[in-house]
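**Student:**
Protein chains in written order, with the working numbering: chain A, 1 to 179; chain B, 1001 to 1334.
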């Protein structure tokens, strides 16, 4: 099964056009409620290069220009072979406790997405605490019709959702433990 | 007998004006209507622009994206990229809208436009690199025109002589002669052109305005010489261009920047970038020319921006993951 998945992914990679748009764009919005105010939660994620400190799947995240627009952070995952990819900062809104970034290109075997953008924000939940909201927009890992199962809409969405959930749940843990 | 006749007459006089009213004015009869494809809901939102709300949600096809509204808004055509079809939605005698036909077409129909005479419907197919021609009377595909790679947005010249087609993976605009349905030229533009708008009122005559998704700019093209004459820098992933009827203001949706770029349509001077909404896509000028109306995919709304003050004036909630790619308001709406 694993061999098949890998082979299918390799075939998919070979025929995907350089830039693509065909299938339906997917949207994910995941949130976590935290029993701490915005000014105690925002510092945990505010630096673009801090993701390795709060996301359990990421080993390192060095950024070229900190929180400046167009800063590129290089993510290395905690996985065999040290898979990695880059994310680019598109917008940074310190006052609004939010930033937006994109993935110019990623191997679909690492993350099955194309044309991926993401926004992470810390919002006041009106009850003295905060809500961290993580939104993603992307196309599935396979851009032509009839995708292999591991690169279809459902599994691409599931993969990103898993990444968001792990990160958000850990932000909550860090914030509420006060470390 | 007399009494019952009188009752009948009374009933008639009650019923007739109601019927007449609904026949003339459409759903709950008010302002001009916008028709936004809700891709995540397999639906078409019918929005009353005066009321500022959705007045009907029509179930259509599968993952609808592109839209074209016939003059008078009696009929709306919607592309279903994943259903490989075009849905036909028609106004019923009670003013409500309903899907009445689904025409199988291509493998990834996305862009859709009517010619100005309303005689032919064109559907750009992402995967087969063709524009299909549909006869709106017969509701059948009558031909196809090979164009560049991954055709998307289209616009017909006012005289219906030419159809301009953005080829997203060829970085060109195909010029189709509608007399013989052949592509006669390809005009190089920026990288990954998507939306194409024909404006008869440019400062130097007619112009095409083309959003280049991957070079983050807009190509201004002279349709007469078939040459690009200018590039306007915008933000990340521009999608569609809209221009006021007098050619005085140009607006561009920037998907990845959550913003709308505004330009003086005569001098091309930048008027600024408006933080409008999440992932703006389809864009049109309202029939009264007062607002730019952007379909916001991430935020599930239709956002109105005042064309003069460049401020967001209204956000109308619509269905899930709206696209509104195309002419989502009838060309003759007032």
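Beta carbons are placed, not taken as given, at the ideal position from N, Cα and C, and that holds for glycine.
(1) I'd like to confirm the pairing. Which residues does DSSP put opposite residue 1315 of chain B in its beta bridges?
(2) Which ranges does the beta strand (DSSP E) cover as unbroken runs of at least 3 residues, wholly within the region 1134-1210 of chain B, from first to last along the chain?
(3) Please list, in chain order, the chain B residues whose beta carbon lies closer than 9 angstroms to that of residue 65 of chain A.
(4) Which class does residue 1071 of chain B belong to by DSSP, given the choice of helix, strand or coil?
(5) Between residue 1082 of chain B and residue 176 of chain A, what straight-line distance do the alpha-carbon atoms span, to the nearest angstrom?
(6) Alpha carbons only, please: which of A/76, A/67, A/41, A/137 is nearest the one belonging to residue 57 of chain A?
(7) Considering only the beta carbon of each residue, do residue 1059 of chain B and residue 1030 of chain B sit closer than 7 angstroms?
(8) For residue 164 of chain A, name the three-state secondary structure that DSSP assigns.
(9) For residue 1053 of chain B, count neighbouring Cβ atoms within 10 angstroms of its own Cβ and tell me buried if that reaches 16, exposed if not.
(10) Applying the 10 Å Cβ sphere with the 16-neighbour rule, what's the burial state of residue 965 of chain B?
(11) Is it buried or exposed for residue 1021 of chain B, if we count other Cβ within 10 angstroms and need 16 for buried?
(12) I'd like the list of long-range same chain contacts for residue 1326 of chain B, defined as Cβ closer than 6 angstroms, with 5 residues on each side in sequence excluded.
(13) Which residues, taken in chain order from the region 1311-1326 of chain B, show a beta carbon closer than 9 angstroms to some beta carbon of chain A?
(14) Is there a Cβ of chain A sitting closer than 7 angstroms to that of residue 1020 of chain B, yes or no?
(15) Taking the alpha helix (DSSP H) that residue 38 of chain A falls in, what are its first and last residues?
(16) Name, please, each residue of chain A whose Cβ falls closer than 8 angstroms to the Cβ of residue 1257 of chain B.
(17) Quick one: give me the first and last residue of the alpha helix (DSSP H) that residue 51 of chain A is part of.
(18) Can you pull the chain B residues whose beta carbon is under 7 angstroms from the beta carbon of residue 135 of chain A, in chain order?
(19) Between residue 1279 of chain B and the rest of its own chain, which residues show a CB-CB distance below 7 angstroms, the 5 nearest in sequence each way excluded?
(20) Could you tell me whether the Cβ atoms of residue 1140 of chain B and residue 1131 of chain B are closer together than 7 angstroms?
(21) If the criterion is Cβ atoms closer than 7 angstroms, does the pair residue 1322 of chain B and residue 1032 of chain B meet it?
(22) Taking a cut of 8 angstroms between CB atoms, which residues from the region 22-38 of chain A lie near chain B?
(23) Quick one: list the residues of chain A neighbouring residue 1102 of chain B, beta-carbon separation under 8 angstroms, in chain order.
(24) For residue 117 of chain A, go through chain B and note every residue whose CB falls closer than 7 angstroms to its CB, in chain order.
(25) Please decide whether residue 1063 of chain B counts as near chain A, where near means a Cβ-Cβ distance under 7 angstroms.
(26) Is there a Cβ from chain A that is less than 7 angstroms from the Cβ of residue 1279 of chain B?
(27) Can you give, in chain order, each stretch of the beta strand (DSSP E) that sits fully within the region 1078-1132 of chain B and has at least 3 residues?
(28) Along the beta strand (DSSP E) that carries residue 1296 of chain B, what are the first and last residues, could you check?
(29) The ligand SAM heavy atoms versus the CB of residue 1116 of chain B: any closer than 6 angstroms?
(30) Rounded C-beta distance between residue 1273 of chain B and residue 1261 of chain B? I'm assuming under 8 angstroms.
(31) Where does residue 1329 of chain B sit, in a helix, a strand or coil, going by DSSP?
(32) In terms of alpha-carbon separation, which member of B/1155, B/1035, B/1117 lies closest to residue 1097 of chain B?
(33) Using the Cα positions of residue 1316 of chain B and residue 31 of chain A, report the straight-line distance between them to the nearest angstrom.
(34) I'd like to confirm the pairing. Which residues does DSSP put opposite residue 73 of chain A in its beta bridges?
**Tutor:** By the coordinates alone:
(1) B/1303
(2) 1140-1146, 1151-1156, 1162-1167, 1172-1177, 1182-1188, 1193-1202
(3) None at all; the shortest Cβ gap to chain B is about 17 angstroms.
(4) helix
(5) 44 angstroms
(6) A/76
(7) no
(8) helix
(9) exposed
(10) For chain B, the structure presents residues 1001 to 1334; residue 965 of chain B sits outside this window and is missing.
(11) No answer about residue 1021 of chain B holds up, because its pLDDT of 36 lies below 50 and its placement is not dependable.
(12) 1066, 1067, 1068, 1112
(13) 1320, 1321, 1323
(14) The predicted position of residue 1020 of chain B is uncertain, since its pLDDT is 37 and thus under 50; no value can be drawn from it.
(15) 38-45
(16) 90, 91
(17) 51-54
(18) 1298
(19) 1255, 1258, 1296, 1297, 1298
(20) no
(21) no
(22) 22, 23, 24, 25, 27
(23) Those within 8 angstroms of residue 1102 of chain B in chain A number zero; the least Cβ separation is about 18 angstroms.
(24) 1256
(25) yes
(26) yes
(27) 1085-1091, 1097-1104, 1109-1114, 1121-1125
(28) 1291-1296
(29) Although the ligand SAM was asked about, the structure shown includes no ligands whatsoever.
(30) 5 angstroms
(31) strand
(32) B/1035
(33) 24 angstroms
(34) A/63, A/87
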